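Going line by line, the protein sequences match chains U and D.
Using the numbering used here, read the first sequence as starting at 14 and increasing by one per residue.
Using the numbering used here, read the second sequence as starting at 14 and increasing by one per residue.
Where is the CB? At the ideal position from N, CA and C, for every residue including glycine.
Here the structure is a predicted model, which is why all the values come from computation and not from measurement.
Protein chains: 2
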Amino acid sequence: MRKLDILDSTLREGEQYIKTYFTQEQRLMIARLLDALGVAFIEVPSPIASPETHEAVEAICALNLRSKIVAHVRCVEADVQAALETPVYGLNLFYGTSSELRSFSHGRRIDQIKQDAVPLIHAIRAAGRYVRFSAEDAFRSDLVDLLTVFDAVVEAGVDRIGLPDTVGIATPRQVERLLHLISSRYPHVGIEFHGHNDTGCAIANTIGAFEGGADCLDVTVLGIGERNGIASLSGIIAQLYIHYPDLLAGYDLTRLAEIDEYVSQTLGVPIPFNMPITAPNAFTHRAGVHTKAVLQNPRAYEVLDPDDFGLTRHVDVGSRYTGRHAVG
Amino acid sequence: MRKLDILDSTLREGEQYIKTYFTQEQRLMIARLLDALGVAFIEVPSPIASPETHEAVEAICALNLRSKIVAHVRCVEADVQAALETPVYGLNLFYGTSSELRSFSHGRRIDQIKQDAVPLIHAIRAAGRYVRFSAEDAFRSDLVDLLTVFDAVVEAGVDRIGLPDTVGIATPRQVERLLHLISSRYPHVGIEFHGHNDTGCAIANTIGAFEGGADCLDVTVLGIGERNGIASLSGIIAQLYIHYPDLLAGYDLTRLAEIDEYVSQTLGVPIPFNMPITAPNAFTHRAGVHTKAVLQNPRAYEVLDPDDFGLTRHVDVGSRYTGRHAVG
Ligand SMILES: O=C(O)CCC(=O)C(=O)O
Ligand SMILES: O=C(O)CCC(=O)C(=O)O
Ligand SMILES: [Cu+2]
Ligand SMILES: [Cu+2]
């Protein structure tokens with residue numbers, strides 16, 4: 014069986030959602046809930062961002078969770094040093110490799126990106142920490158640029174490389190193909206994917222990445238993040254439940270609703286009605302044709318069993334949609 | 014260029030969302046807005062469902078929209094007759110073909126499904142109306158059963174056949190493959206897809222259907238429907254905008270936000286933060302790394318141009334995420 018890690022970035026990507034203002038206590042609660050669910054990695058922001066962030070990272074590490082804590086850090090020496098001064102398990106480096114980000118974000122050329130990243134990777138390895146390097150905006154990056162940078166960071170000793178679809182432009186097929194190419198070229202490092210939802214395919218793209226060879230998938234609780242977010246934890250769990258159930262062996266799925274509910278409450282934002290599994294209506298049946306069949310056997314219109322998530326089905330009998338003439 | 018119709022089913026599938034209680038006036042407004050946007054088909058419920066439904070269907074037809082009005086009708090003679098007594102453009106028949114729906118919904122065998130459907134298709138054709146036949150739960154149906162039923166209804170003269178992923182179990186790759194098989198076997202009829210979102214891939218599956226050969230894609234405003242809904246209009250528009258912009262030539266994209274907003278208000282449910290294009294935060298940039306670049310050139314972190322939708326970008330400068338030390 015292939016191995017698959019889920020990385021939850023609610024405390025980093027999720028904090029980039031415009032409505033997120035977590036308190037320290039809420040951050041600790043979210044980390045504990047994610048750990049209880051069973052995610053392999055919890056991503057936190059760069060400790061250098063602010064004293065509050067630094068304190069949050071220290072406090073989360075002090076929880077001594079089974080989930081590994083990784084800090085999301087720019088390829089800048091001061092940022093790496095600040096992260097290494099905390100007890101994080103590892104550093105998730107990122108650097109924009111597309112021409113758009115090279116022109117309008119950091120202004121560095123491909124050879125400069127290598128020059129910046131390689132010594133930092135050596136330093137992190139020398140400090141005995143896990144290190145991942147992501148090519149930000151990988152799906153708008155030229156393939157030669159992408160491979161040039163990955164060749165250098167793999168040679169420098171990274172544990173994993175990441176391919177974020179930073180602007181949400183990729184299709185499941187493109188993701189699967191590029192990830193297949195990358196995982197074939199670098200068989201001895203881990204491969205991570207991070208998919209934004211601008212065109213509505215974050216979940217499908219993230220599963221496409223697994224099918225192309227990724228061994229680490231980024232999610233956030235409810236999918237919160239920059240703009241309209243990334244793949245949701247619930248969405249990826251729903252996919253694995255249907256298509257790769259063995260990979261969920263280590264998870265306590267009954268914790269999923271609790272964590273979605275908790276984050277929804279701290280944000281003051283209801284769980285969207287389109288959320289797999291945890292939407293209040295995800296197991297609600299309304300049309301007469303549906304309710305009639307579901308009362309006979311829920312499998313008629315359900316492929317996920319709400320029991321497995323500690324949830325219950327709701328069959329809307331008696332509404333105008335299920336009356337004598339109900340034909341919906 | 015290939016032709017592609019969008020079918021909006023907000024007034025049928027959307028009415029199966031547990032929070033939907035449209036008034037007649039709201040139904041008419043939704044139909045007008047969809048027509049102004051430019052969708053080819055508007056699906057309405059079966060006129061036999063209730064006197065209120067019958068009245069709604071008549072009133073929507075009386076608007077004389079460019080969008081074609083199609084009634085969603087069971088393969089039952091009384092239902093077909095009732096629909097034919099209204100001036101709808103066509104009838105969208107459906108019949109469960111999976112063993113799950115044959116056992117727990119209608120209890121009919123494959124040969125009986127053919128016997129029920131074929132004379133009704135003849136009657137609808139004789140009445141000069143458009144007719145589509147959908148194999149409900151197509152993605153859990155045995156291929157022989159599916160083709161047996163489709164062979165019969167195509168022979169009987171349907172204009173289009175439909176393949177709904179009724180329980181939201183399919184993957185983009187499966188959808189593309191099955192649609193490819195079906196569109197190759199029946200080159201002279203239209204092919205429709207309808208994808209539920211239980212595992213979070215409704216939008217990707219729906220675009221996968223187009224890539225497999227579908228020429229009609231079902232959506233609802235915001236993606237509302239049974240359980241956690243189907244592909245959203247905004248999601249499919251976002252996909253076409255990026256990958257097949259020529260297909261949007263006939264649309265007035267500046268109407269999209271208005272219709273999402275209108276339906277959100279009538280439901281009393283906010284537009285989910287994960288909605289492509291129309292989420293209030295879809296063009297909001299928060300992290301320092303992002304805002305800095307977007308102020309230089311929005312293309313750095315945006316692949317959809319909010320201007321094209323009559324929307325505006327929001328760059329969150331001055332928050333703690335974009336201060337002096339902002340590194341997110
Ligand atoms: O570091 C990464 O892999 C992801 C960074 C990020 O949030 C993005 O590119 O969207
Ligand atoms: O008639 C159709 O194609 C779709 C019916 C439906 O809503 C479904 O199967 O999910
Ligand atoms: Cu991101
Ligand atoms: Cu449906």
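Exposure of residue i, with buried meaning 16 or more beta-carbon neighbours within 10 Å
{"i": "arginine 87 of chain D", "result": "buried"}
{"i": "alanine 75 of chain D", "result": "exposed"}
{"i": "glutamine 252 of chain D", "result": "buried"}
{"i": "histidine 201 of chain U", "result": "exposed"}
{"i": "glycine 291 of chain D", "result": "At residue 291 of chain D the sequence reads threonine, which differs from the glycine that was named. Under this definition threonine 291 of chain D is a buried residue."}
{"i": "tyrosine 108 of chain U", "result": "buried"}
{"i": "glutamine 37 of chain U", "result": "exposed"}
{"i": "methionine 288 of chain U", "result": "buried"}
{"i": "glutamate 315 of chain D", "result": "buried"}
{"i": "tyrosine 254 of chain D", "result": "buried"}
{"i": "serine 197 of chain D", "result": "exposed"}
{"i": "glutamate 28 of chain D", "result": "buried"}
Proximity test, residue i beta-carbon vs ligand 2 heavy atom, cut-off 7 Å
{"i": "histidine 201 of chain D", "result": "no"}
{"i": "histidine 298 of chain U", "result": "no"}
{"i": "histidine 207 of chain D", "result": "yes"}
{"i": "phenylalanine 107 of chain D", "result": "yes"}
{"i": "serine 118 of chain D", "result": "no"}
{"i": "glutamate 149 of chain D", "result": "yes"}
Backbone secondary structure at residue i - three-state DSSP
{"i": "aspartate 124 of chain D", "result": "helix"}
{"i": "glycine 225 of chain D", "result": "helix"}
{"i": "lysine 305 of chain D", "result": "helix"}
{"i": "alanine 72 of chain D", "result": "helix"}
{"i": "proline 177 of chain U", "result": "strand"}
{"i": "alanine 84 of chain D", "result": "strand"}
{"i": "glutamate 113 of chain U", "result": "helix"}
{"i": "asparagine 241 of chain U", "result": "coil"}
{"i": "leucine 317 of chain D", "result": "coil"}
{"i": "isoleucine 290 of chain U", "result": "coil"}
{"i": "aspartate 8 of chain U", "result": "It is not possible to answer for residue 8 of chain U, since the shown part of chain U is limited to 14 through 341."}
{"i": "asparagine 105 of chain D", "result": "strand"}
{"i": "aspartate 231 of chain U", "result": "strand"}
{"i": "threonine 23 of chain U", "result": "coil"}
{"i": "threonine 66 of chain U", "result": "helix"}
{"i": "threonine 219 of chain D", "result": "helix"}
Residue i: CB within 7 Å of a non-hydrogen atom of ligand 4
{"i": "histidine 110 of chain U", "result": "Residue identity check: residue 110 of chain U is threonine in the sequence provided, not histidine. No, ligand 4 has no heavy atom inside 7 Å of this Cβ."}
{"i": "isoleucine 31 of chain D", "result": "no"}
{"i": "isoleucine 290 of chain U", "result": "no"}
{"i": "isoleucine 204 of chain U", "result": "no"}
{"i": "isoleucine 220 of chain D", "result": "no"}
Ligand 3 heavy atom lying under 7 Å from the CB of residue i
{"i": "proline 177 of chain U", "result": "yes"}
{"i": "isoleucine 249 of chain U", "result": "no"}
{"i": "glutamate 239 of chain U", "result": "yes"}
{"i": "isoleucine 243 of chain U", "result": "yes"}
Element boundaries [alpha helix (DSSP H), containing residue i]
{"i": "valine 166 of chain U", "result": "156-168"}
{"i": "aspartate 273 of chain D", "result": "269-280"}
{"i": "isoleucine 195 of chain D", "result": "185-198"}
{"i": "glutamate 90 of chain U", "result": "90-97"}
{"i": "isoleucine 250 of chain D", "result": "246-256"}
{"i": "isoleucine 182 of chain D", "result": "Counting along the chain, isoleucine 182 of chain D falls outside any alpha helix (DSSP H), and DSSP gives it neither H nor E."}
{"i": "leucine 266 of chain D", "result": "No alpha helix (DSSP H) holds leucine 266 of chain D; DSSP gives it neither H nor E."}
{"i": "leucine 46 of chain U", "result": "37-50"}
Residue i: CB within 7 Å of a non-hydrogen atom of ligand 1
{"i": "histidine 85 of chain U", "result": "yes"}
{"i": "serine 196 of chain U", "result": "no"}
{"i": "glutamate 28 of chain U", "result": "no"}
Endpoints, beta strand (DSSP E) assigned at residue i
{"i": "histidine 207 of chain U", "result": "203-208"}
{"i": "serine 147 of chain D", "result": "143-149"}
{"i": "glutamate 28 of chain D", "result": "No beta strand (DSSP E) holds glutamate 28 of chain D; DSSP gives it neither H nor E."}
{"i": "leucine 324 of chain U", "result": "Per DSSP, leucine 324 of chain U belongs to no beta strand (DSSP E) and is neither H nor E."}
{"i": "isoleucine 55 of chain D", "result": "54-57"}
Interfacial residues, the segment 96-119 of chain U to chain D, with Cβ spacing under 8 Å: Glu113, Leu114, Ser116, Phe117 and Ser118
Using a Cβ-Cβ cutoff of 8 Å, what residues of the segment 30-45 of chain U are near chain D? List them in chain order. Tyr30, Ile31 and Lys32
Of the residues that make up the segment 265-289 of chain U, which ones have a beta carbon closer than 8 Å to any beta carbon in chain D? Val282, Pro283, Pro285, Phe286, Asn287, Met288 and Pro289
Residues in the segment 230-241 of chain D with C-beta within 9 Å of chain U's C-beta atoms, listed in sequence order? Leu235, Gly236, Ile237, Glu239, Arg240 and Asn241
Against chain U, which members of the segment 248-259 of chain D pass a CB distance test of less than 9 Å? Gly248, Ile249, Ala251, Gln252, Tyr254, Ile255 and His256
Along the segment 312-328 of chain U, what residues have a CB closer than 9 Å to any CB found in chain D? For chain D, the residues of the segment 312-328 of chain U that bring a beta carbon within less than 9 Å of one of its beta carbons are Arg312, Ala313, Tyr314, Glu315, Val316, Leu317 and His327, in chain order.
Residues, ordered as in the chain, of the segment 179-197 of chain U that lie near chain D by beta-carbon distance below 9 Å: Thr179, Val180, Gly181, Ile182, Thr184, Pro185, Arg186 and Glu189
Within 9 Å of chain D by C-beta, residues of the segment 296-307 of chain U in sequence order: Contact annotation: in the segment 296-307 of chain U, residues whose CB is within less than 9 Å of a CB in chain D are Phe296, Thr297, His298, Arg299, Ala300, Gly301, Val302, His303, Lys305, Ala306 and Val307.
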